[in-house]
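Numbering (full-length UniProt numbering), first residue to last: 1 to 136.
Laid out in C-alpha cells, this is it:
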C-alpha cells in the first residue's frame with residue numbers, strides 16, 4: 001500500500017507507469033479517480049455541515065443559558081453531581097470463609113470456596129478426602 005502511494009505521489013513514477021498502460025485504460029483510471037475524489041469531497045462537506053450544525057446548537061444553548069441567568073459552571077456542577085463516582089461506590093463485603101484447613105507448614109487457614117483450590121486442600125482431595133470434611 002505504501003509503495004503504491006509512493007508511485008502515485010511521484011510524477012516520474014507515474015510517467016513510467018503511464019508508458020506501460022494503454023491510453024484508453026489511463027482515461028478509465030482517470031475517470032475513476034475523479035469520481036473517488038468527488039465522493040470524498042462530498043463526504044467531507046457533509047461532515048463539515050454536521051459539525052457546523054452541532055456548533056450552532058451549542059451556541060444556541062449557550063445563549064439560552066445566558067438569557068436564563070445560568071452560568072456554564074453551574075450547569076457543569078449540577079451535571080457532575082449525577083455522574084458515577086467510583087469513590088462513592090459501595091464495596092461489597094468480603095465473602096465469609098466456608099472451609100478450614102491446615103496448611104503445609106501446619107498453620108490453620110480458611111478458604112471461601114472461590115478461586116483456586118489451596119494446595120493443602122487439593123492434596124487431600126487427590127487422596128480421596130471429600131471437600132465437605134473441610135467445611136466450617
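Even glycine gets a Cβ: it sits at the ideal position worked out from N, Cα and C. Quick caveat: nothing in here was measured; it's all calculated off a predicted structure.
Q: In the DSSP assignment, find the beta strand (DSSP E) that holds residue 122 and state where it starts and stops.
A: Counting from one through the chain shown, the residue named residue 122 turns up at place 122. No beta strand (DSSP E) contains residue 122, which is instead part of the alpha helix (DSSP H) from 119-126.
**Study point:** Buried/exposed call for residue 33, threshold 16 Cβ in 10 Å
**Key:** Along the chain shown, one-based indexing puts residue 33 at 33. It counts as exposed.
ask   = Over what stretch of residues does the beta strand (DSSP E) that includes residue 114 continue unbroken?
value = Here residue 114 corresponds to residue number 114 of the chain shown, with the count starting at 1. Bounds of any beta strand (DSSP E) do not take in residue 114, whose DSSP letter is neither H nor E.
* Asked: Using 8 Å as the threshold, is the stretch 92-102 in touch with the stretch 111-128, meaning 3 or more CB pairs across them?
  -> Flag = yes, the stretch 92-102 and the stretch 111-128 touch.
*Between the beta-carbon of residue 120 and the beta-carbon of residue 104, is there less than 7 Å?*
Numbered from its first residue, the chain shown carries residue 120 at position 120. Numbered from its first residue, the chain shown carries residue 104 at position 104. For residue 120 and residue 104, yes; Cβs fall inside 7 Å.
If you measure between the beta carbons of residue 26 and residue 18, is that distance less than 7 Å? For the purposes of this step, residue 26 is identified with residue 26 of the chain shown, where counting begins at 1. For the purposes of this step, residue 18 is identified with residue 18 of the chain shown, where counting begins at 1. Going by C-beta atoms, residue 26 is nearer than 7 Å to residue 18.
**Request:** State the beta-bridge partners of residue 135 as determined by DSSP.
**Result:** Translated into positions along the chain shown, residue 135 becomes position 135. Under DSSP, residue 135 takes part in a beta bridge, and its partners are 99.
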